[in-house]
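Engineer: Below is the structure I would like to discuss, written out as structure tokens.
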Amino acid sequence: MARYIARRLFYSIFVIFGVSVIVFLTLQLVPGDPAIALVGENASPQVIAQIRTELGLDQPLPVQYWRWLERFLHGSLGKSIRTHRDVITEILDRLPYTMVLALSAVFLSTTLGILMGVFAAINRGRLGDYLTMGFAIVGLSVPGFWIALLMIMFFALYLRLLPVMGAASWQNLIMPAIALSLHSAAQKARVTRASMLEVLGQDYVRTARAKGLSERTTLFRHALKNALIPVTTMIGLQFGHLMGGAVIMEQIFAWPGIGRLALQSVQGRDFPVIQGTVLFAAVIFLLSNLVVDIVYASLDPRIRYS
Amino acid sequence: MFRRISLCLTIAAVVLIVACAAPAPTSAPPPPATSAPPAVSATQPSAAAPTQPSTVVPTKPPEPTKAPTVSKVGGTLNIVEISDPDTLDLQQTTQTTSGNITGRIYEKLVYQDLDKSYKGLLAESWTVSPDNTVITFKLRQGVVFSDGSPFNAEAVKFTYERLKRIGTKASIYPAFQNVAKMETPDAYTFVMTLKEPAAPFLHDLVANAAGILSPSAVKAANDDVHRRPVGTGPYKLKEWKVGQELILERNELHKEFRVYYENKGASYIQEIRIKIIPELATQLAALEAGELDRISLRPQDIAKYEKDPRFKTYDSYATGNVYLAFDCAKPPFDNPKVRQALSYPVNKDEIVQVVLEGKIGRRACCPIAESIQGYDPKLKEYELNYNPAKAKQMLDELGYKPGPDGNRQTPDGKPFAPALYTTTSETFGKVATLLQAQYRAVGINVQIKPMESAALNAFTPTRQHDLFMNSYNWNEPDMFTVFLSCERLQSGNRAQYCNQDLEKLIVAGRSEMDQTKRMKIYFDAQKFVMEQAVWQPLYNTITKFVVSAKVKDVKQDAEGDTLFHDAYIAK
């Protein structure tokens with residue numbers, strides 16, 4: 001197992017490198033000049049040219065990339081063109097908020113999704129199944145931002161139970177976490193249901209029941225564990241995706257996460273920050289996938305890595 | 307089975323407890339600061355008349371009336387920005403959000419009064435040498451920065467030398483390239499010698515980037531004042547929670563010199579919280595929930611809030627117009643007659659009524675907006691007013707006749723479908739659509755091409771556009787240099803217009819120090835641009851601010867922006 005992890009980490013290095021090159025090249029394709037974004041469109045051409053030189057934007061591309069790589073290997077992601085702070089500082093400032101939101105959304109969606117899926121599988125064909133799956137379809141189809149705005153109107157304005165926006169206290173976390181989790185909960189519910197149904201049809205489940213095990217033990221100790229494998233993948237993907245920043249929800253709830261940072265930096269053509277946030281998201285994604293693969297092994301003893 | 311149900315119940319219970327226990331956070335103001343109340347005199351209870359033991363009825367002195375010493379100091383004002391400022395180092399940013407905040411922390415040497423004349427702020431007065439190159443500022447005495455360090459000529463010199471060192475990142479650096487030397491003959495006199503006379507120089511000294519820094523504070527911070535600003539303004543930075551809010555607190559040492567304020571000392575409002583809310587719908591919700599005290603309104607919300615007794619609305623006028631420009635470097639738009647013909651189909655009143663609902667804009671006649679010095683209503687006679695008949699006639703004469711499908715064609719028989727480039731703003735989209743209809747009424751098929759702002763700015767120097775629509779923002783008649791001069795073809799001159807006669811006027815306007823002569827130059831420049839139909843100015847944007855009624859005595863500056871130095875929060 002340790003060798004497997006080491007190998008995976010080794011390959012990750014190449015992936016990160018590749019991502020950095022792709023991001024760097026893509027940024028060059030984007031129209032719009034960071035120099036103009038910095039000094040404003042009303043500045044004179046001489047000023048703009050001077051800024052471009054100061055930022056090193058007039059160097060040939062390989063040179064610019066090499067300089068970035070050098071800094072990266074020394075542990076720095078560069079400085080934001082707009083705020084003059086280290087990119088790492090900008091990301092770390094927002095990391096706790098994104099982390100809390102991502103973890104909450106993952107936890108909520110997993111709990112809700114699994115419960116709904118199991119409930120639907122057990123009551124297959126009956127009212128409970130249709131209700132739950134109907135709810136899941138709604139959760140999948142309805143745009144998240146619409147639900148978010150509705151929640152603000154209802155809980156914050158009408159009932160005055162929760163604050164509208166910001167991240168001042170834990171009450172602020174409730175609505176964004178719920179809004180973020182709905183879509184994923186719906187997906188997990190459907191997958192759990194399908195997976196459970198498949199597992200429940202297996203021989204070993206029949207054996208467990210025949211042995212006289214209670215339905216609860218059969219379900220949760222034997223069936224569910226195997227049904228959860230696809231859901232585990234989804235958890236990993238969802239977490240990785242959310243750590244890159246839930247841009248829309250952060251925008252609506254004014255949640256100070258990495259998504260907003262990424263959006264602002266794109267609008268301001270802040271190249272170092274764009275590259276930093278994309279790379280950060282890539283690293284998190286790789287790591288969470290690795291964790292998911294390891295969790296597989298504990299869930300399913302048949303899976304062994306060499 | 308049991309476990310499942312109990313798990314569900316637990317989760318439900320947790321959710322309920324959470325929901326019920328969460329007290330609705332109120333924007334309760336912190337307890338009022340117990341600092342010196344403003345000069346509201348409290349009549350002292352006069353000494354009671356000495357009781358006289360004799361039988362003479364003592365004439366009682368009038369009952370002492372003790373005026374209640376209501377301290378206006380205290381309270382929190384919650385305002386909003388759509389994003390964090392990039393930095394609070396005012397010499398290294400051109401961002402408006404940053405300027406809105408540093409404008410409360412730092413002060414400049416001069417300011418603009420309500421009639422747009424320049425008056426002394428940190429400078430008591432100034433004199434200009436006869437050749438217009440030496441400006442001598444007499445600085446105010448007894449002013450200190452929020453950390454107690456003294457304001458003097460050395461601070462001013464330090465500030466502007468730092469600005470020159472920082473160079474191009476400072477928005478007013480070009481103005482300072484014209485400064486030959488700066489001297490401090492004594493502690494409260496600051497002398498600037500310019501290389502050439504420059505009329506817009508005072509305007510540059512009013513800019514956000516011209517605020518005065520405290521040398522000791524900057525040195526103590528190792529020149530890193532991105533997040534540690536120290537100024538003489540009415541507020542200082544208390545805390546900056548990145549992505550969430552900035553908290554400014556009252557600077558008790560502040561002295562106010564603007565003539566339009568009655569409050570000559572520190573501000574009344576104890577704290578200003580600038581919340582960062584990118585989404586307009588969320589801002590509105592926050593206003594309704596009492597978490598914000600001021601926002602700008604979308605047109606659809608204006609009628610509702612104008613009638614709402616919880617709020618008061620204020621109009622603020624942009625220092626610039628929304629304009630339609632032609633790509634004057636690209637045929638056929640290099641022909642002034644074609645440009646004129648294409649200016650007549652524009653119905654500005656319709657745009658203001660339909661898109662702006664008559665509320666968030668007023669019709670504009672001329673290149674220089676009504677809110678900017680240099681505006682002259684007499685120029686309206688050169689305005690190309692809505693006249694579709696004349697447009698059709700001119701287009702026919704120029705050879706742009708309707709083809710078989712009704713749309714006009716170029717003289718050599720190709721379809722005439724000019725492309726209108728603008729930003730992705732919702733309002734501009736609506737204006738563009740209306741313009742498209744107005745042009746269709748005279749047979750021209752205009753294509754609308756929205757582009758993201760930064761991309762659009764990079765696009766216009768390539769001269770591929772035909773029509774261009776955007777707004778400009780420049781509170782000085784020399785907007786001509788930025789938007790209509792030959793030297794800005796690669797940046798602000800979206801019309802790609804370069805004409806030597808106009809250029810002469812622009813250069814003259816920059817160096818003419820006599821006010822009357824200067825205004826005449828800009829009159830001629832505007833007349834020239836209007837006759838040549840380089841731009842078709844459309845409207846001047848009005849921003850409607852709505853402010854919570856508990857904020858009293860809000861004033862407005864020359865453009866209508868809300869001012870809070872005399873304001874206080876009603877308890």
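So the protein sequences, as listed, match chains A and B.
Following the numbering used here, the numbering of the first sequence begins with 1 at its first residue and continues without gaps.
Following the numbering used here, the numbering of the second sequence begins with 307 at its first residue and continues without gaps.
Each residue gets a CB set at the ideal place from its N, CA and C atoms; glycine is no exception.
(1) Report the residue from Ser435/B, Leu519/B, Ala876/B whose alpha carbon sits nearest the alpha carbon of Ala504/B.
(2) Report the three-state DSSP secondary structure of Leu420/B (helix, strand or coil).
(3) Would you check if there are 3 or more beta carbon pairs closer than 8 Å linking the segment 781-790 of chain B to the segment 732-751 of chain B?
(4) Across which residues does DSSP place Thr442/B in a beta bridge pair?
(5) Give me the Cβ distance between Gly103/A and Gly144/A, rounded to the nearest whole Å; I'm assuming they're in contact under 8 Å.
(6) Consider the Cβ of Met175/A: report whether some Cβ of chain B lies at a distance smaller than 8 Å.
(7) Buried or exposed: which applies to Met1/A, given that a residue is buried once 16 or more other Cβ atoms fall within 10 Å of its Cβ?
(8) Could you have a look at Pro337/B and say whether DSSP puts it in helix, strand or coil?
(9) Grab me the residues of Leu213/A's own chain with a C-beta within less than 7 Å of its C-beta, minus the 5 sequence neighbours each way, in chain order.
(10) Verify the CB distance criterion: does Gln771/B have a CB-CB separation below 8 Å to chain A?
(11) If distances are taken between C-alpha atoms only, which option among Ser677/B, Val813/B, His532/B comes closest to Asp419/B?
(12) Across the segment 376-383 of chain B and the segment 573-580 of chain B, are there enough close Cβ pairs to call them in contact, namely three or more that are closer than 8 Å?
(13) Could you tell me whether the Cβ of Thr26/A comes closer than 8 Å to any Cβ of chain B?
(14) Between Ala361/A and the rest of its own chain, which residues show a CB-CB distance below 8 Å, the 5 nearest in sequence each way excluded?
(15) In terms of alpha-carbon separation, which member of Val658/B, Thr439/B, Ile608/B, Arg800/B lies closest to Ala635/B?
(16) Should Glu663/B be flagged as near chain A, meaning a C-beta pair shorter than 8 Å?
(17) Quick one: what does DSSP say Lys643/B is sitting in, helix, strand or coil?
(18) Which residue wins for smallest C-alpha separation from Phe24/A, given the options Ile274/A, Arg304/A, Ala282/A?
(19) Grab me the residues of Asp830/B's own chain with a C-beta within less than 8 Å of its C-beta, minus the 5 sequence neighbours each way, in chain order.
(20) Determine, for Val324/B, whether the minimum Cβ-Cβ distance to residues of chain A falls below 8 Å.
(21) Relative to the C-alpha of Asp390/B, which residue among Ala43/A, Leu263/A, Leu73/A, Gly56/A is closest?
(22) At what residues does the alpha helix (DSSP H) containing Ala697/B begin and finish?
(23) Secondary structure at Met175/A, three-state DSSP: helix, strand or coil?
(24) List the DSSP bridge partners of Lys425/B.
(25) What residues in the segment 50-62 of chain A have a beta carbon less than 8 Å from any beta carbon of chain B?
(26) Quick check: the segment 515-535 of chain B against the segment 458-472 of chain B, are at least 3 beta-carbon pairs closer than 8 Å?
(27) Does the segment 593-608 of chain B come close enough to the segment 646-659 of chain B that 3 or more CB-CB pairs lie under 8 Å?
(28) Note the first and the last residue of the continuous beta strand (DSSP E) segment covering Glu865/B.
(29) Identify each residue in the segment 82-96 of chain A for which the Cβ-Cβ distance to at least one residue of chain B is less than 9 Å, and report them in chain order.
(30) Based on DSSP bridge pairs, tell me the residues matched to Glu387/B.
(31) My parser needs the beta strand (DSSP E) runs of 3 or more residues fully inside the segment 505-557 of chain B; what are they?
(32) Going by beta-carbon coordinates alone, are Ala246/A and Gly259/A separated by less than 8 Å?
(33) Quick one: is Phe154/A buried, meaning 16 or more other Cβ sit within 10 Å of its Cβ, or exposed?
(34) Of all Cβ atoms in chain A, is any one closer than 8 Å to the Cβ of Arg794/B?
(35) Identify the contact partners of Trp780/B in chain A, using a Cβ-Cβ distance below 8 Å as the criterion.
(36) Going by the beta-carbon positions, is the gap between Ile674/B and Gln832/B smaller than 8 Å?
Structural biologist: The answer reads as follows:
(1) Ser435/B
(2) coil
(3) no
(4) Thr433/B, Val497/B
(5) First, the residue type needs correcting, since residue 103/A is Leu and not Gly in the sequence shown. The Cβ separation is near 18 Å, so there is no contact.
(6) no
(7) exposed
(8) Residue placement at Pro337/B cannot be trusted, given a pLDDT of 35 that sits under 50; what the coordinates show is reported in the next sentence. If DSSP states are grouped into helix, strand and coil, Pro337/B belongs with coil.
(9) none
(10) Looking at the sequence itself, residue 771/B is His, so the reference to Gln does not match. Answer no: the Cβ-Cβ gap between His771/B and chain A never drops below 8 Å.
(11) Ser677/B
(12) yes
(13) no
(14) Summary: the structure shown does not reach residue 361/A, with chain A confined to residues 1 through 306, and so no result is reported for it.
(15) Arg800/B
(16) no
(17) helix
(18) Ile274/A
(19) Leu811
(20) Bear in mind that a pLDDT of 46 at Val324/B, under 50, signals an unreliable position, so the number given afterwards is only what the model happens to contain. Yes, its Cβ sits closer than 8 Å to a Cβ of chain A.
(21) Leu263/A
(22) 694-703
(23) helix
(24) Tyr417/B
(25) Gln50, Ile51, Glu54
(26) yes
(27) no
(28) Looking at the DSSP string, Glu865/B is not in any beta strand (DSSP E), and its letter there is neither H nor E.
(29) Arg82, Thr83, His84, Arg85, Glu90, Asp93, Arg94
(30) Ile582/B
(31) 541-547, 551-556
(32) yes
(33) exposed
(34) yes
(35) Asn42
(36) yes
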